[in-house]
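S.K.: Following this message is one structure expressed as structure tokens.
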Amino acid sequence: MYLKVMSPDALIFEWEVEKVVIPTMAGDIWILPRHIPLSSIIRPWIVRILPTDKNANEFIKWTKFLFDHDEITLSVGKWLLYLDGQTVVMLVWAITTIPISDEAVLEEMKKNMEKEIEQIKLQGDIDEIDKAYLSLQKITADLKLYNIHKHRL
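Numbering (our numbering), first residue to last: 1 to 153.
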């Protein structure tokens, strides 16, 4: 099975994989070879990828990844998932492969976003509230990724 992770303007990663666990609005989807075709909305959270070739050097070309028992762990923002049965395409607006090294920075970002959401709520702009909540969810996913990383050390 083939995995492509893309942003709106670039192909970020592409690998042969054995398994991908992707967070969607309907819950986490475990995708294995020969999965039925589907499309879904990705929710901000943690993605787990089991590459076919478990040689870490193949994946560490321009960035670092978190490995746990040969799985790659990263956090993603909201967007789209498409699967045709042979290729998984994840279109994401934000991705974190290795967390910020300071938990306090992430906690401060989360606290500031929560304050910003309260201000946006007062204005009553539904679209802006939705965008702010997505940003908060991505920051929370990055905190989760940081905690996963911290516990592996």
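C-beta atoms are modelled at their ideal positions from N, C-alpha and C, and glycine is treated no differently.
So what does DSSP say about K61, is it helix, strand or coil?
M.R.: Bear in mind that a pLDDT of 49 at K61, under 50, signals an unreliable position, so the number given afterwards is only what the model happens to contain. It is coil, neither helix nor strand.
S.K.: Give me the Cα-Cα distance between E116 and E108, rounded to the nearest whole angstrom.
M.R.: In a straight line, the C-alpha of E116 is about 12 Å away from that of E108.
S.K.: Under the rule that 16 or more other beta-carbon atoms within 10 Å means buried, what is R34, buried or exposed?
M.R.: Exposed, by the Cβ-count rule.
S.K.: Run through DSSP, which three-state label would A10 get?
M.R.: The answer is strand: DSSP assigns A10 an E or B state.
S.K.: M90: buried (16+ other C-beta within 10 angstroms of its C-beta) or exposed?
M.R.: Label assigned to M90: buried.
S.K.: Counting C-beta neighbours from all protein chains within 10 Å, is the total for W15 16 or more, i.e. buried, or is it exposed?
M.R.: Under this definition W15 is a buried residue.
S.K.: Is the region 80–96 touching the region 7–14, taking contact as three or more C-beta pairs under 8 Å?
M.R.: Enough Cβ pairs lie closer than 8 Å, so yes.
S.K.: Using a Cβ-Cβ cutoff of less than 6 Å, which residues in the same chain neighbour Q137 once the five nearest sequence positions on both sides are dropped?
M.R.: Excluding sequence neighbours, Q137 sits near P44.
S.K.: How far does the alpha helix (DSSP H) with V113 in it extend, from its first residue to its last?
M.R.: A small fix is needed here, since residue 113 is Met in this sequence, not Val. First-last of the alpha helix (DSSP H) with M113: 103–123.
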